[in-house]
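Undergrad:
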Amino acid sequence: MLIDINANIGHWPFQQTNCNSCKALLDRMNRFGVNISVIGNMNGIFYKDTQASNEELFEEINSDRHFRNRFIPFGTINPIYAGWKNDLEVCIRKFGMKGIRLYPQYHDYELTDPACIELVKMAGDRGIIVGLTIRMVDSRLRAWMDLSNEWALKDIIPIMKAVPDAKYLALNVSGGIQLNDEDTKIFRDTDILLDTSGRNITDPAGLINKFGRDKFAFGTHSPILDYLTGLLRIESLRDSEADEATKELLRSGNARRILGI
Amino acid sequence: MSKSINRRKFFYDTAFSAAGIILGSNLAEAACPGSASASSYNIMKEVMKYRKINAHEHVGLGVSIELQLDFADKLGIEKLVISRPISAVSGPEATPEEFRKCNESVLQAIKQYPDKYLGSCFVNPVYRKESLEEIKRCTDQGMIGLKVYNQVKINDPLFYPIIEKFIDLKMIILMHAHCGIGVGGKRTKYGNTQPNASVPEDFAEAATRYPEAMFQYAHTGGGGDWEYACKMLSDYPNIYIDTSGSNNEGNMIDFVLKYIGEDRMFYGSDGSFYQSVGTILSSKLTEVQRKKVFFDNFNNILRKAGNHVN
């Protein structure tokens, strides 16, 4: 079984993308053997009112029973915009979302903003996973209206420190994966998964040894990145680097655990 | 502590008892492997199906030879074209002494693994006489092309004698490229951090001046705005593109195919082994086109000088 914990639908305004609807993504999943995808709506990065993107996502998934069976939607919440607590409740109770994605850089707040910490605590209390995308695109390729600053893995440690008992996904890990000893301990002690799509997953076997096999899961960062590199990082591991049980955790086991499915 | 756990359990149970009305049964079905209609795609079988010449790789730039050859073994890469350039921005000055040292490391790697490596010579055109001597020394020892970096732009007159030499040799020139359009908030102007890096317009000018020469535009996945580059280079039949680099953007390969075409694309990694294969496999390229990109196109370049792989 294969679960992609990092896929998107919606529009990326600076570049045409393929497979950014549920239908097109499902076709791609069927072609490449992906059973389930966790998806967010990229429109929520750019809307002032992110809840509109969550409504779009809910409606699209519910437009076809095949979508309902194969997609797990994550809402996009902006904790410095009016009404976010109600938005979160609707995402959980009405839309049945099992997680949320935060985009502090695009929505212009710090991860340690009190409102963000409150949101993550509320999510944690409800068993809702918090997805943090390290970067959407490489700043060297960005359009002139896009962001120039990128996170490294260490930049998300403060929220994990502030809310240690929430569940997290760190997506498209790029721009440096090195952590000091203190941050490594926080990372190890937190319930977090890194998806395998990111540029800095250059040595999956070494990272598994360093952080543990329970910290990684298959992801694509589709449609921004190609669909198969994240899978190749898992399937090309030699038996001596990852046994079949470990590969199964990376393909779906870790994702199923954190998603509770 | 126990209070916290109880509060959390209360919220968790309450939330999902409501959400389950909407999605609970679906998720349960989705979580069952038998319910999904996904194919049993075997990515490693696909990887190994194609012979591969890696048209853009290096030695001595971070990845050890042992690790590089391990990647090659894992990903079915038959040959790697290696070089050891010096960056004008972060490296030492590329004096003749320095570039000879670089080339020596390439020659040593080839001697150590002659079945795996093909070499490209690195020079600095500022040193005309020494560069031409070094090209002769390296090609006499079996090197198959040139790799140049950001000391001098490809259309600079300093390059003319070197380009003419490579026309005679019937070998390709791999030039570092940087297309930093928009970087630095400059909209459609270049925001390059490498002042002498060649931009697509520089390639176009050199290719027009020397239609018999063969140029390899480096790393669409590592050189900035690949959409701009492909559109700029679309009509220059003697400019080839390698798709190496760490930025495996989802639409890149199909875009290169659309504007450059299936005969002018090379597979390369430039240190990003997973991305370089993943992008091609997940593209819309046909099987015939994949064979061309992974192997045949670069082998046809090698054939012109009799250096092809059988």
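Sequence order for the protein chains is A and B.
Quick note: the first sequence uses numbering that gives the first Met the number 0, first residue 0, plus one each step.
Quick note: the second sequence uses numbering that gives the first Met the number 0, first residue 0, plus one each step.
Where is the CB? At the ideal position from N, CA and C, for every residue including glycine.
Keep in mind the model is a prediction, meaning the values are calculated, not measured.
Rounded to whole angstroms, how far is the Cβ of A:V129 from the Cβ of A:G98, which I believe are closer than 8 Å?
TA: At roughly 7 Å, the Cβ-Cβ gap stays under 8 Å, so A:V129 and A:G98 are in contact.
Undergrad: Taking Cβ to Cβ, would you say B:R50 is nearer than 9 Å to B:F265?
TA: In this structure, B:F265 does not lie closer than 9 Å to B:R50 by Cβ.
Undergrad: In the DSSP output, which residue or residues are listed as bridge partners for A:D190?
TA: According to DSSP, A:D190 bridges with A:K166.
Undergrad: I'd like to know whether the C-beta atoms of A:I91 and A:S36 end up nearer to each other than 9 Å.
TA: For A:I91 and A:S36, no; Cβs fall outside 9 Å.
Undergrad: Can B:M170 and B:G190 be called in contact, C-beta distance under 9 Å?
TA: No.
Undergrad: Per DSSP, A:D3 is paired with what?
TA: BP columns for A:D3 point to A:S36.
Undergrad: Which residue from B:G222, B:K188, B:R208, B:P91 puts its Cα closest to that of B:S197?
TA: Per the Cα distances, B:G222.
Undergrad: Which residues does DSSP list as the beta-bridge partners of A:G130?
TA: Paired residue(s): A:R100, A:L168.
Undergrad: Which residues share a DSSP beta bridge with B:I171?
TA: Bridge partners of B:I171: B:G144, B:M213.
Undergrad: By DSSP's criteria, A:T75 is part of a beta bridge. Which residues make up the other side?
TA: Paired residues: A:R100.
Undergrad: Is the shortest distance between the beta-carbon of B:K73 and the beta-carbons of chain A less than 9 Å?
TA: Output row for B:K73: interface = yes.
Undergrad: By alpha-carbon positions, which one of B:H57, B:E286, B:G141, B:D241 ends up nearest to B:K110?
TA: Here the closest residue by C-alpha is B:G141.
Undergrad: Apart from the five residues just before and just after B:Q288, which ones in its own chain have a Cβ nearer than 8 Å to its Cβ?
TA: L256, E261.
Undergrad: Jot down the residue ranges of each uninterrupted alpha helix (DSSP H) in the region 206-247 of chain A, minimum 4 residues, whole runs only, in chain order.
TA: Correct list: 228-234, 243-247.
Undergrad: Below 8 Å on the Cβ atoms is my contact criterion, and I expect B:Y356 with B:P199 to pass it. Report the Cβ-Cβ distance as a whole number of Å.
TA: It is not possible to answer for residue 356 of chain B, since the shown part of chain B is limited to 0 through 309.
Undergrad: Rounded to whole angstroms, how far is the Cβ of B:G61 from the Cβ of B:G305, which I believe are closer than 8 Å?
TA: With 8 Å as the limit, B:G61 and B:G305 do not qualify as a contact, their Cβ atoms being about 33 Å apart.
Undergrad: Could you pull out every residue in the same chain whose Cβ sits closer than 6 Å to the Cβ of A:L224, ignoring the five residues on either side in sequence?
TA: Result list for A:L224: S196, in chain order.
Undergrad: Less than 9 Å between CB atoms is the rule here; does B:M43 satisfy it with respect to chain A?
TA: Answer yes: the Cβ-Cβ gap between B:M43 and chain A drops below 9 Å somewhere.
Undergrad: Anything in chain A within Cβ reach of B:V276, meaning under 7 Å, just list it in chain order.
TA: Within 7 Å Cβ-Cβ: L231.
Undergrad: Give me the residue from B:F272, B:D72, B:Y209 with the minimum Cα distance to B:K164.
TA: For B:K164, the nearest C-alpha among the options comes from B:Y209.
Undergrad: From the DSSP output, which residues share a beta bridge with B:V80?
TA: B:V80 is bridged to B:L117.
Undergrad: Contact criterion: CB-CB distance below 9 Å. Does B:I252 meet it with respect to chain A?
TA: Judged by the 9 Å Cβ criterion, B:I252 is in contact with chain A.
Undergrad: Say the cut is 8 Å; is the CB of B:A108 nearer than that to a heavy atom of the ligand NAP?
TA: In the structure on display, the ligand NAP does not appear, and there are no ligands present to speak of.
Undergrad: When the Cα atoms are used, what is the spatial distance from A:A244 to A:L101?
TA: So the alpha carbons of these two residues sit roughly 32 Å apart.
Undergrad: Taking DSSP as the reference, what is the three-state secondary structure of B:S39?
TA: It is coil, neither helix nor strand.
Undergrad: Whose CA, out of A:R134, A:V119, A:I133, lies closest to the CA of A:I127?
TA: Cα-wise, what sits closest to A:I127 is A:V119.
Undergrad: Following the continuous beta strand (DSSP E) through B:A54, name the residue where it begins and the one where it ends.
TA: Segment 52-57, the beta strand (DSSP E) holding B:A54.
Undergrad: What is the DSSP secondary structure of B:F297, counted as helix, strand or coil?
TA: It is helical.
Undergrad: Measuring only the C-alpha atoms, how far is B:S104 from A:R237?
TA: Their backbone Cα atoms lie some 29 Å apart in a straight line.
Undergrad: Taking only the alpha-carbon atoms, compute the straight-line gap between A:A161 and A:P113 and give it to the nearest angstrom.
TA: For A:A161 and A:P113, the distance between alpha carbons rounds to 10 Å.
Undergrad: Helix, strand or coil for B:D241 per DSSP?
TA: Correct three-state label for B:D241: strand.
Undergrad: I want to know whether the region 123-130 of chain B touches the region 171-181 of chain B - three or more CB-CB distances under 8 Å.
TA: Short answer: they don't touch.
Undergrad: Can you look up B:G221 in the DSSP assignment and give me helix, strand or coil?
TA: Three-state result, B:G221: coil.
Undergrad: Taking just the CA atoms, how far does A:N42 sit from A:H10?
TA: Approximately 6 Å between the Cα atoms of the pair.
Undergrad: Is DSSP giving B:C101 helix, strand or coil here?
TA: In this structure, B:C101 counts as helix in the three-state DSSP scheme.
Undergrad: Have a look at A:L110 and A:A151 and give me their C-alpha separation to the nearest angstrom.
TA: About 13 Å.
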